[in-house]
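Just so you know, we're using full-length UniProt numbering here: the sequence shown kicks off at 1 and counts up by one. We put the CB at the ideal spot given by N, CA and C, even for glycine. Just so you know, these numbers come straight off a predicted model, no measurement behind them. Heads up: the structure comes next, in structure tokens.
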Amino acid sequence: MYTLNISGHHVQSGEEVQEVVKEKMDHLSRINNQITSIKVILNTEKHEIHELIVEASVHIPGHDLFATVKTDKQLKPALDLLVGKLEKQLVKHKAKHAGRQHHINAKDVESPAERQQQAEFDELVERDVI
């Protein structure tokens, strides 16, 4: 389970836009189930009125992935390109860390702040708030 934060700068992010973004980002969680949060920013530059910029950052414990796409005002193709970029990064990350041996004395790679955020999120999920 992960948190999804969608924001728009100079873009209306209504319910249908949020549903499309959530549907596309759910595909990433099927590739890697360790995703804890995804932040998506939809943006249009004021001087380029026909250009849509979609940025996303994906947090996995110990690693952050980032991708950005610039397209003409079409949201779904932009999200497809963005998810494709993030998929490549997730697959590469997973391949790098597959088969790694964990030592008994190994330290946790999450910071205390990350652990606290995850604990708060888990508590909200248990109470069915999210």
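query = Between which two residues does the alpha helix (DSSP H) carrying residue 122 extend?
reply = As a first step, residue 122 is located in the sequence shown; it is residue number 122 there, counting from the start. Counting along the chain, the alpha helix (DSSP H) containing residue 122 begins and ends at 112-126.
ask   = residue 124: buried (16+ other C-beta within 10 angstroms of its C-beta) or exposed?
value = Taking the sequence shown and counting its residues from 1, the one referred to as residue 124 is at position 124. By the neighbour-count rule (16 or more Cβ atoms within 10 Å), residue 124 is not buried but exposed.
query = For residue 5, which residues from the same chain have a beta carbon less than 8 angstroms from its beta carbon, with the 5 sequence-adjacent residues on both sides left out?
reply = The residue given as residue 5 occupies position 5 in the sequence shown. 37, 38, 39, 40, listed in sequence order.
ask   = Which residues share a DSSP beta bridge with residue 58?
value = The residue labelled residue 58 in the question sits at position 58 within the sequence shown. Residue pairing by DSSP places residue 58 opposite 38, 65 in a beta bridge.
Per-residue burial, residue 91 [other beta carbons within 10 Å of its own, 16 or more giving buried] = In the sequence shown, residue 91 corresponds to position 91, counting from 1. Looking at its Cβ environment, which holds fewer than 16 other Cβ atoms inside 10 Å, residue 91 is exposed.
task = Sort 114, 66, 111 by Cα distance to residue 28 and report the nearest one.
result = Residue numbering aside, residue 28 sits at position 28 when the sequence shown is read from its first letter. Here the closest residue by C-alpha is 66.
query = In whole angstroms, what separates the C-alpha of residue 81 from that of residue 72?
reply = The count along the sequence shown starts at 1 and reaches residue 81 at position 81. The count along the sequence shown starts at 1 and reaches residue 72 at position 72. Straight-line Cα distance between these residues: approximately 13 angstroms.
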